[in-house]
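One structure below.
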Amino acid sequence: MAQSATLSRMRAPLLAPALLLLATQSQQQSVFKEALRWYDRGLGYVQKTLKSAGSIPDNEMHLLVPAALLMSFFEAINPTLDSGFEQHILGAIILLEAKGPETFATPEFHDLFLAVRGHAVTVSLMTGKSTCLAEEKWLTVPFMYTTKSPLDRINDCLLVMMNNVSWMEDRPAGLIDPTKSTLDDQCIIRLSCLMVELDEIWSQISHWEIPRSGDNSETGQFSSGCVYTYTNAHRANSVAIHSLARLTLLLLLDRQTSPMGKGDYREMIMQASASIISAATYLSTFDIGCAYLRIITPLQIVAQRSPSNSQRDCAVHILQQWWAEKPLKGLTWKALQTISLSNKKSTLLVGD
């Protein structure tokens, strides 16, 4: 009976994003209102569950974690709150934390853990705040029965980075704001160690990125040198997330470099940005919502901090296309607004 009741309650988180996608395609207000009605029901269900997260039986975890993820997808498509997407992912993390890392080392729960973990990285970058998933036990215990993939190791680097940079602001723009105070020596050492780890990972996956000549028709006004293609969406996504980690570390370390050394970082920053733009362009040919979710923030950072005007313009162009053509108006609009605000602040700083 309890399992049957849980399945019945799961209808709301499942129907809400499904109906919202249908409403987006059909432009029918009646379907949109029905989607909101089911979202409200699902929200009540998830909120009630989180209050008693510590007493959830294992056989219900299969349903509750996907429920939180599905609710986050609703917010990514059509936000009801400015931080709605982040709140639902944080809710999913609370569910993981309540069960402990050992639970998610088992095959039946490990894929759920990986699904939440990928989006947790995105949320940490969006909020500038670390989560429990950056703790050592969460970086190791869930993987004790499996070998980490390159993407798993890249996510490790991003989680550790967000955990260690304590002065981070609430947005990626704050993370790499050149007006902020410099890093201490310990932080520089930790970031440098992460760069070594990323270099080692890249030695294993560099062949996933295939150089080709630039094509302005595909990448807007992008003309910064090498443009890349890929053999499948998974490889494109992994390269983009690796480039995100490298780009963020470079932007942080760039502040500690003497003016004579900044040229080297500039080229590496543009190279990482080129990979992100290329991967995003490649992924645009697929209908893989989760891949888009993870590439929005990398594009946002390129648009804010690449030293290349053409790269910044291209990143904005891709986000604008995704806002217009993909069912991700919530997160793409938020990214574009953040870019616009960052540009206004930069203009004010130059004016001063």
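Numbered continuously in the numbering used here, the sequence shown closes out at residue 342.
Cβ coordinates follow ideal geometry from the N, Cα and C atoms, glycine included.
Note that this is a predicted model, so its numbers are computed, not measured.
Asked, Found
"Spatial distance of LEU59 from THR137 (CA atoms)", "25 Å"
"Presumed contact (8 Å Cβ cut-off) between GLY90 and ALA57, rounded CB distance", "With a Cβ gap of about 20 Å, GLY90 and ALA57 do not count as contacting."
"Exposed unless 16 or more other CB atoms sit within 10 angstroms - verdict on TYR347", "Here the chain comprises residues numbered -9 to 342, so residue 347 is not present and cannot be evaluated."
"Exposure of MET(-9), with buried meaning 16 or more beta-carbon neighbours within 10 Å", "Here MET(-9) scores only 44 on pLDDT, less than 50, and its place in the model should not be relied on; the value that follows carries that caveat. It is exposed - the Cβ of MET(-9) has fewer than 16 other Cβ atoms within 10 Å."
"Buried versus exposed call for GLY344 [16 or more other C-beta atoms within 10 Å across all chains shown]", "Outside the shown range of the chain (-9 to 342) lies residue 344, about which nothing can therefore be said."
"Per-residue burial, GLN176 [other beta carbons within 10 Å of its own, 16 or more giving buried]", "exposed"
"Where the alpha helix (DSSP H) containing VAL21 begins and where it ends", "19 to 41"
"Simplified DSSP state of ILE200, which is helix, strand or coil", "strand"
"Simplified DSSP assignment, three categories, for THR221", "coil"
"Closest Cα partner of GLU125 within the set ASN153, GLY279, THR322", "ASN153"
"Bounding residues of the alpha helix (DSSP H) (the contiguous stretch that carries VAL113)", "97 to 117"
"Cβ pair count under 8 Å reaching 3, the segment 311 to 324 against the segment 78 to 96", "no"
"Extent of the continuous alpha helix (DSSP H) to which CYS147 belongs", "140 to 154"
"Closest residue to PRO297 among TYR272, SER330, ASP244 (Cα-Cα distance)", "ASP244"
"Cα-Cα separation, ILE345 to ILE286", "No answer is possible for residue 345: it lies beyond the span of the chain, which begins at -9 and ends at 342."
"Per-residue DSSP class, three states only, for PRO317", "coil"
"DSSP state of GLY74 mapped onto helix, strand, coil", "helix"
"Reduced DSSP category for PHE63 - H, G, I as helix; E, B as strand; rest coil", "helix"
"Within 8 Å, strictly: CB atoms of TYR218 and GLU190", "no"
"Straight-line Cα distance separating LEU104 from ALA269", "21 Å"
"Where the alpha helix (DSSP H) containing ASP189 begins and where it ends", "175 to 195"
"Environment of PRO47 [buried if 16+ CB atoms lie within 10 Å]", "exposed"
"Nearest candidate by alpha-carbon position, reference ILE79, set VAL106, ALA66, LEU102", "VAL106"
"For TYR272, three-class secondary structure by DSSP", "helix"
"Cβ neighbour criterion (16 or more within 10 Å) applied to ASN222", "exposed"
"ALA6 - containing alpha helix (DSSP H), residue span", "1 to 16"
"Straight-line gap, ARG161 to MET116 (C-alpha atoms, nearest Å)", "At ARG161, the pLDDT of 42 sits below 50, so the modelled position is not reliable; the number obtained from the coordinates is stated separately. So the two alpha carbons sit approximately 5 Å from each other."
"Helix, strand or coil at ILE278 according to DSSP, with G and I counted as helix", "coil"
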